[in-house]
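Trainee: Protein chains in written order, with my numbering: chain A, 3 to 296; chain B, 515 to 1066. From the three backbone atoms N, C-alpha and C, an ideal C-beta is built for every residue, glycine too. Quick one: this structure, given as C-alpha cells, is what I'll be asking you about.
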Amino acid sequence: MTESTTSTIANKSDLERKQIRRERISLVLKDKTFLVGAFILSFWIILAIFGSIIAPHGAGDQDFNFVSHSPTSKFFFGTDANGRDVFSRVILGTRLIVVMAFSATILGTVLGTSLGLATGYFKGKFDMIVMRLVEAISAIPVLIIALLAIAALEGRSPTLTVIVIGFVFTPNIGRTVRAAVLGESELEYVAAARLRTERTRHILFREILPNVLPPIIVEFTVRLGYAIFAIATLSFLGAGVEYGSPNWGSQIAENWGNIYSNVWWPTAFPALAIASLAVSINLISDSLLEIFEL
Amino acid sequence: MSEINEDIKEIASSAISRRHFVQGAAAVAAGAAVVGLASCGGSSSGDSTQSKTLRIATGKQEHVAAPWETSGGSLFILSMVGEWLTWQLPDGSLEPRIAESWTSTPDAKSWTFKIREGVMFNDGTPLTVDDIVYTYTAIFDEDITKGVSRSKGNYDNILDAAGVVKVDETTIQFNLLQANGNFPYFVSSACYGMCIIKKDAFGGAGWESTMIAAGPWKMVSHVNTESTVYTLNEFYWDKDFKPKFDTVELVQFVSAATALPQLQTGEIDFIGALEAADAVALDKDKFSVETLPAGAGFAHVHMRTNFGPFQDKRIRQAAALTIDRPGYVDGIMMGIGGRVGNDSVMDPYNTADTSVPQREKDLEKAKALMAEAGVPNGFKVDLSSWARDDINKYANLIKTSFAEIGIEVTLVIDGSDGGSAVYYTYDPYPSKPGPVNQFDNHSWLASNLGIVDWAGRGVPDQYLMREWRSTGDWSGAQLDSREMDAAIDEYLQAITPEAKKTASKKIQEVSLDETPYILAYTSNLITAGRKDLEGMVVNGMGQFDARKAKNA
C-alpha cells in the first residue's frame, strides 16, 4: 500500500465512525429506557451538586423533640433515633455516594482500558501473564478484596475506598477491552497506521480506542452500578466511611435495627435512594447495550 | 461498725426509691388478668408448660470469660457460674453469698468475713477459706497470673496479698492499706473478676473451658463470643434453689435491637439491656420492661489531660458546656434511659452534695473559654470508641455538640462493622503519675477523646479508684490532680454519711473544675422480657440472677 492509500483508508474509517456515532446518539435520545434512566440519574446528580443548598437541615443537626418521629411536614422523611432529619441526610448523602461511585468507576475504567489496550495489542507472553493474573484476581469476590484491602490499610477514608474499588474493577474492565482490541487490531486501519509508522501510543489511543469505545462505555455504566452497590455495602459494613456520616449505606447500618420497633423510615428512604440510583444506571446500561448491539 | 452498715443501707434504700417500672401498674394488672383468665379457661400453664430452656440476650463480650481476663460482656457469662463473697442487688445493696456476715474494726481498716459452711464448687469439691485466700492473693502475683489480672486494679492502695489472712476454717480477714467504709463491695460481684476459684487454679484464658466455680449454674457448653449454656449446679450451697428451667442460655448480640425480633417471635425470653426507644416500642401486653439505676455506670467520655488538644482544662470545660443534657435525656433517652449528669461519678449516689451547681449548656461561655485557651476556631480530633447502641448515640451527640465551638470530631467507632473491640483495645496502660502514654487512637487509655463503658456499681469507690485517681489503671483522661487524689482518699476513708458527703462535694467540685470526663447523663439499665416470665433479676452491673426465673 502507498501512503495515499493508507490515508484514504484512515479518512474513510473516520467518516464511517462519525456517521455511526451520529446514528447511535440519535437512537439513544429516542430510547425511552435510556431517557428514564438519565432523568433519574440527573435528579441525583443535581442533588449531589446542590444538596447543601436544598437540604433543610444539616446532616448532624439534632432535634431532641423529634426523635424517631414519623414523616411530618417539618421532617418529610421523619427523623432517626438521634433526632436527625432523614430527608436532609438522604440529600446530603447523595454527593458522597455519587462522587465516590463515579470516581471509582472512572479510575477502574482508565486503568482497565489501558490494561486491555496493552494486552490486546501486544499479545504474546505479556498478554498471557497479565491475563492469568487478571483471572486470578477476578475469581475473588469484589467485596472480599475491598474489605481485605481496607482492613489491611486500616483506612476508613472515602479516598481509600475509591482507590480500592477502582483497582478491583480494573481486571474486569481490562478483560472486556482486551477482547474488543484483539478484534480491532487485526483490521485494515490498524495495519495502515502501522505502515504509516505511527507511534504505538497513537495507534492505541487515536486509532483503536475510538473504535472500542462502545464496549468501554457500556462496561463503565455496568461498573458504575456495581460501584454504587459496593460503596453502599462497604459503608453498611462500617468500612470506607466515617461512622455516623450521612452516607446511605451508613444510614441503613445505623437504623435497620429500629425496624423492629416500627421505625422504618430512617432505613427505607436511604434504601430507596440506593435502589433508584442503581436502577437508573442499569436502565442506561441496558439501553446502551442494545443500541451498541453488544 | 453500725454506722458503716447504716451507710451502705442508706445507699441501697436510696437506689430503691429511684427504681421504677416503665409500664404502668394498670398494664401489669391487665396482663396478669389475661394470664389468669387463660388459666381459668383450662389452658395449660405452670410447670406442665414450662419452657425447658430460658434464653437470654446479652451484649457482645470483649475478653475471655475467665476471672483474670474478664471485662465488658464476659462478666455476664461469669455471673451465672461464679459466686462471690457478696452479691450486688438491683437496688445497689449487698446480699450475703459465700460470706454469711461481715464486720469491721471501728476505723474500717480491717474487715472480717464469716464464710458459709457447706459451699462447694460445681465439680463437687468443697470451697474452703484457702480457696478464698488464693483468689485474693493470686491476683497480686505475676508469676501466678502470668501478668494478666484485670482485677488487680480494684485494690490499688486498698489491699495487698499480705493483708489477706485466714483466721480459721470459716473466717477470713482483710487488713486494708487504708480505711474503706465500703469494702464489702470490693469482695462483691461488682468486682466481677473476683468470683472464688479453686486454690492453684489458673484464672486466666483456659479457665472458661471448665468454669469451675461455686455459682448456682454450671456451664454445659461455651462458644466464645456466641453463646453459653448452663444447667443446675447440683452442688450449689442453697438447697432451696430448684430451677424451673432445665437449661439457661446466654446468647450474645452486637446490638440489642437485633435481639428484638427474636424476643418478639419467642426465640429469646429476655434481653439484658436495650435502648429506651426499643423498649418504648414493645407491645406492653406481651412484654415487660423494667428500668433500674446503674449508678455511675455506662458511657463515660474521657478527654486526655496530659496529651493532645484537651490538655488545657478550659478547653475541656468548654467542650462540656456544649451539651444539651436535659434535651438528650428527655429526647434520645426518652426520659427512661437515664438522668442528667453533672460530669462526676458522685452524682447518682445519695452521698452526693446536691448544692453543687448543675452544669448547663452555655455556648457563649464555651466560646469564650476556647478563645482564652488560644483556640477560638477549634481543632480537629478523633473520638475513639467501640460500637454499642447507647455509645453510638452518645458519640453522635458529642460530635454535633462539639462542632458548635469549632471542635471537629471524627468518629472512629470500632465494631461498627459488626465486630467488637478489635481496634479499640481495653488493654491497660500503666497510667501512673509521670509517664505520658504515647498517643494511640486504637486504645481507650491512650486516645485523646473516647467513650468507654463502665458497669453500674452500688457505690462509686471503684470508679474513683480506677478512673479518677492519678494511680488508676483504667484512667482514660489520665488526670493527675493532687486535689482530686486527696478528696478521693478522704471519701474512701470516710465512715459516716456526713463525712462522705463532705468528701463527695470536694470530688464533685474538682470534677467540674478539671472536667477530665463528661458524664452528660447517668444511665438506667433497661431490660425486657416475655410478659409471662417472672423472677428474672438483673443488677446495675448487668449481671443475671436467674435462680427464681419461672413462667407465670
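Using a C-beta cutoff of 8 Å, does Thr772 of chain B count as contacting chain A?
Mentor: Numbered from its first residue, the second sequence carries residue 772 of chain B at position 258. Interface residue, yes.
Trainee: Measuring CB atoms only, is the stretch 28-39 of chain A touching the stretch 50-70 of chain A, in the sense that at least three cross pairs come out at less than 8 Å?
Mentor: Between the stretch 28-39 of chain A and the stretch 50-70 of chain A, the count of Cβ pairs shorter than 8 Å is below three; the stretches do not touch.
Trainee: Give me the DSSP bridge partner(s) of His816 of chain B.
Mentor: On the second sequence, position 302 is the one that residue 816 of chain B refers to. B:Gly964 and B:Tyr1031, per the DSSP bridge assignment.
Trainee: Per DSSP, what kind of secondary structure is Met848 of chain B in: helix, strand or coil?
Mentor: Numbered from 1 along the second sequence, position 334 holds the residue referred to as residue 848 of chain B. DSSP places Met848 of chain B in coil when its eight states are reduced to three.
Trainee: Could you say which of B:Phe627, B:Met817 and B:Leu788 lies nearest to Pro610 of chain B if we only look at CA atoms?
Mentor: Looking up residue 610 of chain B in the second sequence gives position 96. Looking at B:Phe627, B:Met817 and B:Leu788, the one whose alpha-carbon comes closest to that of Pro610 of chain B is B:Phe627.
Trainee: For the stretch 81-92 of chain A, list every residue whose C-beta sits within 9 Å of some C-beta in chain B, in sequence order.
Mentor: For the stretch 81-92 of chain A, which is checked against every Cβ of chain B, the residues closer than 9 Å are Ala83, Asn84, Gly85 and Arg86.
Trainee: If you drop the 5 nearest sequence neighbours on each side, which residues of the same chain put their C-beta closer than 6 Å to that of Pro272 of chain A?
Mentor: Residue 272 of chain A sits at position 270 when you count from the first residue of the first sequence. Cβ neighbours of Pro272 of chain A beyond the five flanking positions: Val92, Trp250, Gln253 and Ile254.
Trainee: Can you give the Cα-Cα distance for Phe893 of chain B and Arg830 of chain B, rounded to whole angstroms?
Mentor: Residue 893 of chain B sits at position 379 when you count from the first residue of the second sequence. Residue 830 of chain B sits at position 316 when you count from the first residue of the second sequence. Rounded to whole angstroms, Phe893 of chain B to Arg830 of chain B spans 13 Å at the Cα level.
Trainee: Determine whether the Cβ of Asn249 of chain A lies closer than 8 Å to any Cβ atom of chain B.
Mentor: In the first sequence, the residue the question calls residue 249 of chain A occupies position 247. By this cut-off, Asn249 of chain A is not an interface position.
Trainee: Might you give, ordered along the chain, the residues of its own chain that have their beta carbon closer than 8 Å to the beta carbon of Ser263 of chain A, omitting 5 neighbours on each side?
Mentor: Along the first sequence, read from residue 1 onward, the residue named residue 263 of chain A stands at position 261. Closer than 8 Å at the Cβ level, and outside the excluded window around Ser263 of chain A, lie Ser70.
Trainee: Chain B beta carbons: is any one of them nearer than 8 Å to that of Tyr262 of chain A?
Mentor: Within the first sequence, the letter at position 260 stands for residue 262 of chain A. It does: the Cβ of Tyr262 of chain A has a partner Cβ on chain B nearer than 8 Å.
Trainee: State the Cα-Cα distance for the pair Gln992 of chain B and Met817 of chain B, rounded to the nearest angstrom.
Mentor: The residue you call residue 992 of chain B lines up with position 478 of the second sequence. The residue you call residue 817 of chain B lines up with position 303 of the second sequence. Cα-Cα distance, rounded: 9 Å.
Trainee: Using Cβ-Cβ distances below 9 Å, what residues of the stretch 67-81 of chain A are close to chain B?
Mentor: Asn67, Phe68, Val69 and Ser70
Trainee: Any contact of the stretch 117-129 of chain A with the stretch 75-89 of chain A, i.e. 3+ C-beta pairs under 8 Å?
Mentor: no
Trainee: When you compare only the Cα positions, how much space is there between Glu256 of chain A and Ala151 of chain A?
Mentor: Counting from one through the first sequence, the residue named residue 256 of chain A turns up at place 254. Counting from one through the first sequence, the residue named residue 151 of chain A turns up at place 149. When only Cα atoms are considered, Glu256 of chain A and Ala151 of chain A end up about 23 Å apart.
Trainee: Restricting to Cα atoms, I'd like to know which of B:Glu918, B:Val926 and B:Lys1014 is closest to Gly60 of chain A.
Mentor: In the first sequence, the residue the question calls residue 60 of chain A occupies position 58. If we check each option's Cα against that of Gly60 of chain A, B:Glu918 comes out closest.
Trainee: Could you please give the first and the last residue of the uninterrupted beta strand (DSSP E) stretch that includes Trp46 of chain A?
Mentor: As a first step, residue 46 of chain A must be located in the first sequence, where it is residue number 44. Taken as a continuous stretch (DSSP letters only), Trp46 of chain A belongs to no beta strand (DSSP E), being part of the alpha helix (DSSP H) at Lys34 to Ile56.
Trainee: What residues match up with Phe1058 of chain B in a beta bridge as DSSP calls it?
Mentor: Taking the first residue of the second sequence as position 1, residue 1058 of chain B is located at position 544. Bridge partners of Phe1058 of chain B: B:Val1052.
Trainee: How many angstroms separate the CA atom of Ser557 of chain B from the CA atom of Ser735 of chain B?
Mentor: What you label residue 557 of chain B is simply residue 43 of the second sequence in a count that begins at 1. What you label residue 735 of chain B is simply residue 221 of the second sequence in a count that begins at 1. Unreliable placement is indicated for Ser557 of chain B, whose pLDDT of 32 sits below 50; the coordinate value is still reported in the next sentence. Take the alpha-carbon of Ser557 of chain B and the one of Ser735 of chain B: they are about 34 Å apart.
Trainee: As a quick exercise: from A:Thr74, A:Val166, A:Ser159 and A:Asn84, pick the residue whose alpha carbon is nearest that of Gly110 of chain A.
Mentor: Translated into positions along the first sequence, residue 110 of chain A becomes position 108. Among A:Thr74, A:Val166, A:Ser159 and A:Asn84, the Cα nearest to that of Gly110 of chain A belongs to A:Val166.
Trainee: Taking the continuous beta strand (DSSP E) assigned at Pro807 of chain B, which residues delimit it?
Mentor: By one-based count along the second sequence, residue 807 of chain B stands at place 293. Annotation: the continuous beta strand (DSSP E) that includes Pro807 of chain B extends over Phe801 to Pro807.
Trainee: Which partner residues of Lys732 of chain B appear in the DSSP bridge assignment?
Mentor: The sequence position of residue 732 of chain B within the second sequence is 218, counting from 1. Beta-bridge partners of Lys732 of chain B (DSSP): B:Thr745.
Trainee: Chain D beta carbons: is any one of them nearer than 8 Å to that of Gly246 of chain A?
Mentor: This model lacks chain D altogether, as its protein chains are A and B.
Trainee: Pull up the distance between the alpha-carbon of Gly780 of chain B and that of Leu589 of chain B, whole angstroms please.
Mentor: Counting from 1 along the second sequence, the entry for residue 780 of chain B is found at position 266. Counting from 1 along the second sequence, the entry for residue 589 of chain B is found at position 75. Distance between the alpha carbons of Gly780 of chain B and Leu589 of chain B: 25 Å.
Trainee: Determine the burial state of Phe89 of chain A: buried for a count of at least 16 other Cβ atoms within 10 Å of its Cβ, exposed for fewer.
Mentor: For this step, residue 89 of chain A is matched to residue 87 along the first sequence. Buried, because 16 or more other Cβ atoms sit within 10 Å of the Cβ of Phe89 of chain A.
Trainee: Is Met848 of chain B near Ala787 of chain B, with beta carbons less than 8 Å apart?
Mentor: For the purposes of this step, residue 848 of chain B is taken as the residue at position 334 of the second sequence. For the purposes of this step, residue 787 of chain B is taken as the residue at position 273 of the second sequence. Cβ atoms of Met848 of chain B and Ala787 of chain B: not closer than 8 Å.
Trainee: Quick one: is Met1105 of chain B buried, meaning 16 or more other Cβ sit within 10 Å of its Cβ, or exposed?
Mentor: It is not possible to answer for residue 1105 of chain B, since the shown part of chain B is limited to 515 through 1066.
Trainee: Along chain B, which residues have their Cβ under 7 Å away from the Cβ of Gly259 of chain A?
Mentor: Within the first sequence, numbered from 1, the residue matching residue 259 of chain A stands at position 257. Result: Ser769, Ala771 and Thr772.
Trainee: Taking 8 Å as the CB-CB cut-off, is Ala909 of chain B touching chain A?
Mentor: Residue numbering aside, residue 909 of chain B sits at position 395 when the second sequence is read from its first letter. With 8 Å as the cut-off, Ala909 of chain B counts as an interface residue toward chain A.
Trainee: State the CB to CB distance for the pair Arg664 of chain B and Thr584 of chain B, rounded to an integer number of angstroms; the pair is presumed to be in contact (CB under 8 Å).
Mentor: Taking the second sequence and counting its residues from 1, one reaches residue 664 of chain B at position 150. Taking the second sequence and counting its residues from 1, one reaches residue 584 of chain B at position 70. So it is a contact: roughly 7 Å between Cβ atoms.
Trainee: Please look up how many angstroms separate the CB atoms of Ile570 of chain B and Asp783 of chain B, rounded, as I've assumed it's under 8 Å.
Mentor: Position 56 of the second sequence, counted from the start, is the residue given in the question as residue 570 of chain B. Position 269 of the second sequence, counted from the start, is the residue given in the question as residue 783 of chain B. Between Asp783 of chain B and Ile570 of chain B the Cβ distance is about 7 Å, and since that is below 8 Å, they are a contact.
Trainee: Check for me: the beta strand (DSSP E) holding Pro640 of chain B runs from which residue to which?
Mentor: For the purposes of this step, residue 640 of chain B is taken as residue 126 along the second sequence, with counting starting at 1. Pro640 of chain B -> no beta strand (DSSP E), and no H or E assigned at all.
Trainee: Is Ala810 of chain B near Val843 of chain B, with beta carbons less than 8 Å apart?
Mentor: Here residue 810 of chain B refers to the residue found at position 296 of the second sequence. Here residue 843 of chain B refers to the residue found at position 329 of the second sequence. Going by C-beta atoms, Ala810 of chain B is not nearer than 8 Å to Val843 of chain B.
Trainee: So, using beta-carbon positions, are Val179 of chain A and Gly227 of chain A closer together than 8 Å?
Mentor: For the purposes of this step, residue 179 of chain A is taken as the residue at position 177 of the first sequence. For the purposes of this step, residue 227 of chain A is taken as the residue at position 225 of the first sequence. In this structure, Gly227 of chain A does not lie closer than 8 Å to Val179 of chain A by Cβ.
Trainee: Taking the C-alpha atoms as reference points, what is the distance between Ser528 of chain B and Asn864 of chain B?
Mentor: Walking along the second sequence from the start, residue 528 of chain B turns up at place 14. Walking along the second sequence from the start, residue 864 of chain B turns up at place 350. For Ser528 of chain B, the pLDDT reaches just 38, beneath the cut-off of 50, and the residue's location in the model is therefore unreliable, leaving the point undetermined.
Trainee: Could you work out which residues of chain B lie near Gly62 of chain A, taking near to mean beta carbons separated by less than 8 Å?
Mentor: Along the first sequence, read from residue 1 onward, the residue named residue 62 of chain A stands at position 60. Those within 8 Å of Gly62 of chain A in chain B are Asn910, Lys913, Thr914 and Ala917.
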